[in-house]
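In our numbering, each number is its position in the sequence shown, counted from 1, plus 1. Ideal Cβ placement from N, Cα and C applies to all residues, glycine included. Notes follow the structure.
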Amino acid sequence: MNISKEELSPVELRLTVKVSEDDYKDEVTKKIKEIGRTHVIPGFRKGHVPFGELKRRFGKHVTSDVINDTVYRAVIDFITENKLNVMGHPLPVEVKEAVEEGDQEFKYDLALIPQLEDIKPTADDHYPYYEIEVTEEMIDEQDKAMRKRFGTQKPGEEMTVDGVVKGTLMQLDADGNVNTAEGAIQVTDGIVFPLYFKDKEQTALFDGKKPGDKVVFNPNKAAGGDAGELASMLHVDKAIAGDIHNDFEMNISEIIVNIPAELNQEYFDQVFGPDKVHNEEEYRAAIKEMIAAELAQNTRILFRNTFDKAMAEKYASMQLPAETIKKLFFAEAENADEAYAAQEAAIKHEIIETNLLKALDIKVEADEILDMAKALTQRQFAQYGLSGMDDEIITKYAKEQLQKEEIRNQIAQQVLASKLYSAIEGIVTLDKETVSLDKFKELAQAL
2 MNISKEELSP VELRLTVKVS EDDYKDEVTK KIKEIGRTHV IPGFRKGHVP
52 FGELKRRFGK HVTSDVINDT VYRAVIDFIT ENKLNVMGHP LPVEVKEAVE
102 EGDQEFKYDL ALIPQLEDIK PTADDHYPYY EIEVTEEMID EQDKAMRKRF
152 GTQKPGEEMT VDGVVKGTLM QLDADGNVNT AEGAIQVTDG IVFPLYFKDK
202 EQTALFDGKK PGDKVVFNPN KAAGGDAGEL ASMLHVDKAI AGDIHNDFEM
252 NISEIIVNIP AELNQEYFDQ VFGPDKVHNE EEYRAAIKEM IAAELAQNTR
302 ILFRNTFDKA MAEKYASMQL PAETIKKLFF AEAENADEAY AAQEAAIKHE
352 IIETNLLKAL DIKVEADEIL DMAKALTQRQ FAQYGLSGMD DEIITKYAKE
402 QLQKEEIRNQ IAQQVLASKL YSAIEGIVTL DKETVSLDKF KELAQAL
């Protein structure tokens, strides 16, 4: 077997594979005999079919399969041995339905990943790096939200912004009186959440109310005409709920309010884990650190986008194996040229990232994937108020998630990207500047 290569362009190669009968005939004979041993052929005892008969029946099919397999493996070996960086897979120039015996010639086109030799970043490369200032107002807002999340629900003496109202709901007639006609809607165990009303004028009707007060409001306006919400509020069938436009009188029997958690050791331990925070000063410092960590993600994302934009501009004129890419990835598209044009920027971005990973020798280890899965799991638990979960539980759940190949691949890509951009941050010169959140939003929007 002989393989030669022809350079169609700096990023496209054509391999020509010449195969002689000696390259595959022994494998063909082996495969045909294997069919005789393992298959039942009508009219013959198993394992006693003459080779000539087997070859007559199966020779063409087996020969074609063996030649195609032999050639393709040879092409893959050639790519590996010559360390060719290939996009996708080798693309046959001509697809042959069947291959006859004798000497053969096959051609494959390869799309090469452009090699960007000067891509490795250095300390001479300067990039802006905007860090967001954590203000006292941010700490106050986070404190309020956290104490509410870890607070308790109790009956209150007066309506609050997020109060839950219980009582009877009585449908009113056109004159504003309680409708006593047959079929009038009366709900003895009504519950409403004014904070989530679509119409804020309806929400305002509950301001300052206390148990024992009456409120006249319009459920249809409150629900924004949503039949599902009305059905739940008025305990009626969804099919008719949207047609109910009457006002209702609510006799308030109870208002459930949120009592924020007190600043004590039990609360500190619940939020940050045992014995991590001991007083209000440490508590606010811990909140500031928490907010800073969250905002740092935005800083890193903006840096990443800034860096990506700079790379895209620097390598905007990189040569791509466009025609081969279209055949490889967009052959089924209605218009391959349009599909390719829509994805060209993304393809260039992937090529740049591939070159950076190679230049910086970035790899992902199994323990790094597990660590990322645990961090994501811990964050998910925290969203449900389950902070300070035992590491054994988090590890168990994370490992279960990693059993799913799609999730494992997604997390592996996250780790790879995180390591890449962290490495870049450590190499280039970051021109750091602390800005307000509003200023940061302006910068991000501009980019």
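How long is the line joining the alpha carbons of residue i and residue j, rounded to whole angstroms?
| i | j | result |
| --- | --- | --- |
| alanine 424 | phenylalanine 441 | 23 Å |
| aspartate 141 | alanine 297 | 19 Å |
| phenylalanine 107 | isoleucine 114 | 23 Å |
| leucine 448 | asparagine 306 | 8 Å |
| proline 220 | methionine 251 | 11 Å |
| lysine 211 | phenylalanine 218 | 16 Å |
| glutamate 406 | isoleucine 36 | 36 Å |
| lysine 315 | arginine 380 | 37 Å |
| glutamate 443 | serine 5 | 56 Å |
| glutamate 267 | aspartate 163 | 24 Å |
| proline 156 | methionine 373 | 42 Å |
| aspartate 362 | serine 419 | 14 Å |
| glutamate 7 | alanine 75 | 16 Å |
| glutamine 271 | methionine 160 | 28 Å |
| glycine 103 | asparagine 356 | 43 Å |
| serine 65 | threonine 71 | 10 Å |
| glutamate 335 | glutamate 290 | 52 Å |
| lysine 131 | glutamate 137 | The sequence as given places tyrosine at residue 131; lysine does not occur at that position. Distance between the alpha carbons of tyrosine 131 and glutamate 137 is about 19 Å. |
| leucine 303 | isoleucine 412 | 21 Å |
| lysine 397 | isoleucine 370 | 14 Å |
| aspartate 176 | glutamate 282 | 59 Å |
| phenylalanine 249 | alanine 242 | 14 Å |
| leucine 421 | histidine 350 | 14 Å |
| valine 365 | leucine 358 | 11 Å |
Tell me, which residues are paired with residue i by DSSP?
| i | result |
| --- | --- |
| glutamine 203 | According to DSSP, which records beta bridges pairwise, glutamine 203 is partnered with nothing at all. |
| isoleucine 253 | Gly168 |
| isoleucine 288 | DSSP, once it has assigned bridges, lists no residue as partnering isoleucine 288. |
| serine 5 | Thr17 |
| lysine 108 | Thr17 |
| serine 10 | Glu13 |
| proline 261 | Looking at the DSSP assignment, proline 261 forms no beta bridge with any residue, so it has no partner. |
| valine 179 | Leu173 |
Which residues mark the beginning and the end of the beta strand (DSSP E) in which residue i is found?
| i | result |
| --- | --- |
| proline 93 | 87 to 93 |
| valine 216 | 215 to 218 |
| phenylalanine 273 | Taken as a continuous stretch (DSSP letters only), phenylalanine 273 belongs to no beta strand (DSSP E), being part of the alpha helix (DSSP H) at 266 to 273. |
| glutamate 134 | Premise fails: glutamate 134 is in no beta strand (DSSP E) and is neither H nor E. |
| lysine 449 | What is shown of the chain runs 2 to 448, which leaves residue 449 out entirely. |
| glutamine 320 | Glutamine 320 -> no beta strand (DSSP E), and no H or E assigned at all. |
| glutamine 116 | Run containing glutamine 116: none; DSSP gives neither H nor E here. |
| lysine 155 | 153 to 156 |
For the alpha helix (DSSP H) containing residue i, list its first residue and its last residue.
| i | result |
| --- | --- |
| glycine 191 | That residue, glycine 191, is in no alpha helix (DSSP H); its beta strand (DSSP E) goes 187 to 193. |
| valine 50 | Where valine 50 is concerned, there is no enclosing alpha helix (DSSP H), given that its DSSP letter is neither H nor E. |
| aspartate 27 | 26 to 39 |
| valine 416 | 406 to 428 |
| aspartate 392 | 392 to 403 |
| alanine 383 | 367 to 384 |
Would you mind giving the Cβ-Cβ distance between residue i and residue j, rounded to the nearest angstrom? I have them listed as a contact below 8 Å.
| i | j | result |
| --- | --- | --- |
| alanine 228 | aspartate 200 | Wrong, their Cβ atoms sit about 16 Å apart, outside the cutoff. |
| lysine 166 | valine 193 | It is valine, not lysine, that sits at residue 166 in the sequence shown. Right, their Cβ atoms sit about 5 Å apart. |
| tyrosine 128 | leucine 377 | Tyrosine 128 to leucine 377, Cβ: 27 Å. No contact. |
| leucine 111 | glutamate 13 | 7 Å |
| tyrosine 25 | valine 63 | Not quite, the Cβ-Cβ distance comes to about 10 Å (not below 8 Å), so this is no contact. |
| leucine 9 | leucine 329 | So it is not a contact: roughly 14 Å between Cβ atoms. |
Which class does residue i belong to by DSSP, given the choice of helix, strand or coil?
| i | result |
| --- | --- |
| lysine 61 | helix |
| isoleucine 326 | helix |
| lysine 19 | strand |
| alanine 332 | coil |
| tyrosine 341 | helix |
| leucine 448 | coil |
| alanine 232 | helix |
| aspartate 432 | strand |
| histidine 127 | strand |
| threonine 161 | coil |
| glutamine 96 | Residue identity differs from the one stated: residue 96 is valine in this sequence, not glutamine. Coil. |
| asparagine 508 | Since the first and last residues shown for the chain are 2 and 448, residue 508 lies out of range. |
| alanine 1 | Since the first and last residues shown for the chain are 2 and 448, residue 1 lies out of range. |
CB of residue i to nearest heavy atom of the ligand HEM: below 7 Å?
| i | result |
| --- | --- |
| alanine 313 | This structure simply doesn't include the ligand HEM, nor any ligand for that matter. |
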